[in-house]
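S.K.: Quick one: the structure is below, and I'll ask about it shortly.
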Amino acid sequence: MADSEQTQHPPDVAPILDYDAVIVGAGMSGLYQLHRLRELGLRVRVFEAGSSVGGTWYWNRYPGARFDSESYSYGYSFSKELLEEWDWSEHFAGQPETLRYLNLVADKFALRRDIQFRSRVTAATYEEDNRSWDVALEDGSRFRTRFLITAIGPLSAPTLPRIDGINSFRGQSFHTARWPHEPVDLRGKRIAVIGTGATGVQTIQTIAKDVGHLTVFQRTPNWCAPLHNSKIDRATQKKIKAGYPEMFRRCQETFACFVHTPDNRGTFEVSDEEREAFFEKLYAEPGFGIWQGNFRDILTDRTANAFISDFVARKIRQRVKDPNVAEKLIPQNHGFGTRRVPLETRYYEVYNQDNVELVDITKTPIERITPTGIKTSNVEYQFDVIIYATGFDAVTGSFDRIDFRGVDGVRLKDRWKNGPQTYLGVLVDGFPNMMMLMGPHTALGNIPRSIEYNVDWVTGLLRFCREQNLTRVEATGAGVTSWTEHVKALGVGLLSNEVNSWMTGYNSNIDGKQTRIVARYSGSAPAYRATCDEAAAKGYHELALD
Ligand SMILES: Cc1cc2nc3c(=O)[nH]c(=O)nc-3n(C[C@H](O)[C@H](O)[C@H](O)COP(=O)(O)OP(=O)(O)OC[C@H]3O[C@@H](n4cnc5c(N)ncnc54)[C@H](O)[C@@H]3O)c2cc1C
């Protein structure tokens, strides 16, 4: 369960100390940013902790890892040739396929030669004298760069639960986001899965049929909905390719960049029959439609939310045979869609299997991990393998793990101790020449669509700096206050902001993260882009440029 892979330098990399830009991370964001900055003719270096490209899709190799976004809406849109060349085999592709895709991207655009793998950035210090960043790696090597671009991922810092004895277990144990590269044989074994978020759900439904016995330790059940995945046949493939421009245009127009977008109608503007029929239709359709394409008020109006929650609860009761187990699987502390909705494939039916047991750890808490298993308040279980599907220190977690020091040595972590403060989710005052991709306060949703926009915006800013001979770019205090207040105001009235989840920066396993913060931009993606476009069109007038 090593958090990073050992830092080693490829022999062909000369210790050049000056780059125009350093990008941290070689996931979807870092790869595309490298490609775009090369086009500007900048000298760029990417530092990546892993041993290859792919980010999320490199690290998350757990059984059943796959998209909840439609595959073709997730891929990059910037290269027609790439779109033509790549065939997604399923409507919601699995992790191995996505990793192959990102490797193809890296090869096709010859990106690897500027990426240094097994290179975890541990610190970055701004030096006013030369207007540059001093970037330090885990192995002690240091590099100086004019611009520092973080592409370190909103969900890339895994967290283990705080349970006594976790290191005493003598069997195998894995965090899902640090799953080994070699196959793990779970057949016939006694397996524990701790956690029932999106990752836990995918893992559980995938392994349940093969393992000897599966015990699921659940603290918070989530409202899951069917994925309805299927293979893409040849005729559909042709249609998808011909429809790419239209599909990407649609993703630009929808609220969260998905192919789905909220229905204009309110829950109570239709008859009971119509409402039920609409919910049934959404439940039978593939993907996030039931979350992202539902009535416009289900995520803001408590009564509306209760209707869709009740609908999904009825589905769970129909699908799970044992009524006691069904009740355990129905969330009580939050409404449908107010946490990230896991999409599932026969997840609920798993609990009808004789070899599967669900343990509600709010009733019988885990007391400790023992050398041979897990002890709850009333049972001592024996396991061969423990799987921690306990998620991430989301959004700000990957930032907290780097010692960023801005002007006068101010630490970013201190600056953000009461929640992130940003300008457009890209810049922070006091941290000149540092830009964030998919950092806090940006539009997430169907993330690659936001990544492409974010990267293009940052590229535009760096082009502007080049053209204007600028060597120092900084957000102003006023700009940061105004954007941060705007982001907070957008979150008012959203039911999701009243719930503890990674989307509100809450993590019971991390010190100091038991207070909800506004970590995400929750307005519409088109509105976000309009604001950023305007800032660029006005010559970045809200930035201090020199
Ligand atoms: C299991 C799972 C399923 C998902 N499914 C979807 C989906 O269906 N649709 C969707 O839109 N989004 C999904 N996401 C979100 C996903 O993270 C984004 O879609 C996208 O991959 C983010 O890309 P990124 O490059 O910004 O970050 P990442 O892919 O997280 O890449 C960040 C990279 O930075 C590296 N890094 C971090 N810190 C350092 C450091 N200090 N030094 C060096 N390198 C560092 C990491 O090793 C990593 O490779 C999913 C996430 C997970 C975990």
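Everything in the sequence shown is counted per my numbering, starting at 11 for the first residue and increasing by one.
Positions of the beta carbon are idealized from the N, C-alpha and C atoms, including for glycine.
(1) What residue range does the alpha helix (DSSP H) around Gly429 cover?
(2) Shorter than 8 Å, the distance from the beta carbon of Leu165 to the closest heavy atom of ligand 1, or not?
(3) Report the three-state DSSP secondary structure of Val335 (helix, strand or coil).
(4) For Thr310 and Leu505, which I take to be in contact (beta-carbon distance under 8 Å), what is that distance rounded to the nearest angstrom?
(5) Buried or exposed for Gln524, please, with buried defined as at least 16 other CB atoms from any protein chain shown within 10 angstroms of its CB.
(6) Out of curiosity, what's the CA-to-CA distance linking Ala314 and Gly276?
(7) Return yes when the Cβ of Tyr433 is within less than 9 Å of the Cβ of Trp512, no when it is not.
(8) To the nearest whole angstrom, what separates the beta carbons of Ile461 and Gly175, a pair I think is in contact under 8 Å?
(9) So the candidates are Leu112, Gln182, Ser79 and Lys241; which of them puts its Cα closest to the Cα of Glu95?
(10) By the three-class DSSP mapping on this structure, what secondary structure does Ser183 have?
(11) From Arg539 to Pro171, what does the alpha carbon distance come to, in whole angstroms?
(12) In angstroms with no decimal places, state the Cα-to-Cα distance between Pro296 and Pro333.
(13) Hey, which unbroken runs of the alpha helix (DSSP H) at 4 residues or more fall wholly within the stretch 136-217?
(14) Quick one: what's got a C-beta closer than 8 Å to Val465's C-beta in the same chain, skipping five residues either side?
(15) In the DSSP assignment, what residue or residues form a beta bridge with Leu555?
(16) So, using beta-carbon positions, are Ala187 and Asn365 closer together than 9 Å?
(17) Would the stretch 425-439 and the stretch 145-156 be scored as touching if the rule is three or more Cβ pairs under 8 Å?
(18) With distances taken Cα to Cα, identify the nearest neighbour of Arg306 among Ser281, Ala116, Ser240 and Thr271.
(19) In chain order, what residues of the same chain lie with their CB nearer than 8 Å to the CB of Thr541, ignoring the 5 residues before and after it?
(20) Contact between the stretch 415-425 and the stretch 447-459: three or more CB pairs below 8 Å?
(21) Taking 8 Å as the cut-off, is the C-beta of Tyr516 nearer than that to any heavy atom in ligand 1?
(22) Pairing CB atoms from the stretch 281-289 with CB atoms from the stretch 317-335, are three or more of them under 8 Å?
(23) Identify every residue that forms a DSSP beta bridge with Asp370.
(24) So is Asp28 in contact with chain D if we call contact Cβ pairs under 9 Å?
(25) Any heavy atom of ligand 1 inside 8 Å of the beta-carbon of Phe124?
(26) Do you know how far the Cα of Ile204 is from the Cα of Thr216?
(27) Determine the direct distance from the alpha carbon of Lys373 to that of Cys261, and round the result to whole angstroms.
(28) Which residue marks the beginning of the alpha helix (DSSP H) containing Tyr111, and which one marks its end?
(29) Pick from Gly503, Phe474 and Arg482: whose alpha carbon is nearest that of Lys548?
(30) With which residues is Lys385 paired in a DSSP beta bridge?
(31) If we call anything under 9 Å between Cβ atoms a contact, is Ala208 one with Phe414?
(32) Do Ile458 and ligand 1 come close, with the Cβ less than 8 Å from some heavy atom?
(33) Determine the direct distance from the alpha carbon of Asp220 to that of Leu196, and round the result to whole angstroms.
(34) Indicate, with yes or no, if ligand 1 has a heavy atom lying under 8 Å from the CB of Ile162.
(35) Would Asp13 be called buried (16 or more neighbouring beta carbons within 10 Å of its own) or exposed?
(36) Pairs of beta-carbons, one from the stretch 439-446 and one from the stretch 477-489, closer than 8 Å: are there three or more?
M.R.: Let me lay it out:
(1) No alpha helix (DSSP H) contains Gly429, which DSSP labels as neither H nor E.
(2) yes
(3) helix
(4) 6 Å
(5) exposed
(6) 8 Å
(7) no
(8) In fact, because the Cβ distance is near 40 Å, the residues do not count as touching under 8 Å.
(9) Leu112
(10) DSSP places Ser183 within a strand segment (E or B) once states are collapsed to three.
(11) Rounded to the nearest angstrom, the gap between the Cα atoms of Arg539 and Pro171 is 37 Å.
(12) Each residue's Cα considered, the two are about 27 Å apart.
(13) 208-217
(14) Ser39, Tyr42, Gln43, Arg46 and Leu447
(15) Val483, per the DSSP bridge assignment.
(16) no
(17) Counting Cβ pairs under 8 Å, fewer than three are found: no touch.
(18) Thr271
(19) Leu434
(20) no
(21) no
(22) yes
(23) Gln228
(24) Structure shown: chain D not included; a single protein chain is present.
(25) Residue identity differs from the one stated: residue 124 is Asp in this sequence, not Phe. No, ligand 1 has no heavy atom inside 8 Å of this Cβ.
(26) Whole-angstrom Cα-Cα distance: 15 Å.
(27) 43 Å
(28) Taken as a continuous stretch (DSSP letters only), the alpha helix (DSSP H) holding Tyr111 covers Gln105 to Lys118.
(29) Phe474
(30) Arg378 and Glu390
(31) no
(32) A small fix is needed here, since residue 458 is Pro in this sequence, not Ile. With a threshold of 8 Å, the Cβ atom of Pro458 counts as near ligand 1, since some heavy atom of the ligand is closer than that.
(33) Leu196 and Asp220: Cα-Cα distance of roughly 7 Å.
(34) yes
(35) With a pLDDT of only 44 at Asp13, under the threshold of 50, the placement of this residue in the model should not be trusted; the figure read from the coordinates follows. Asp13 comes out exposed.
(36) yes
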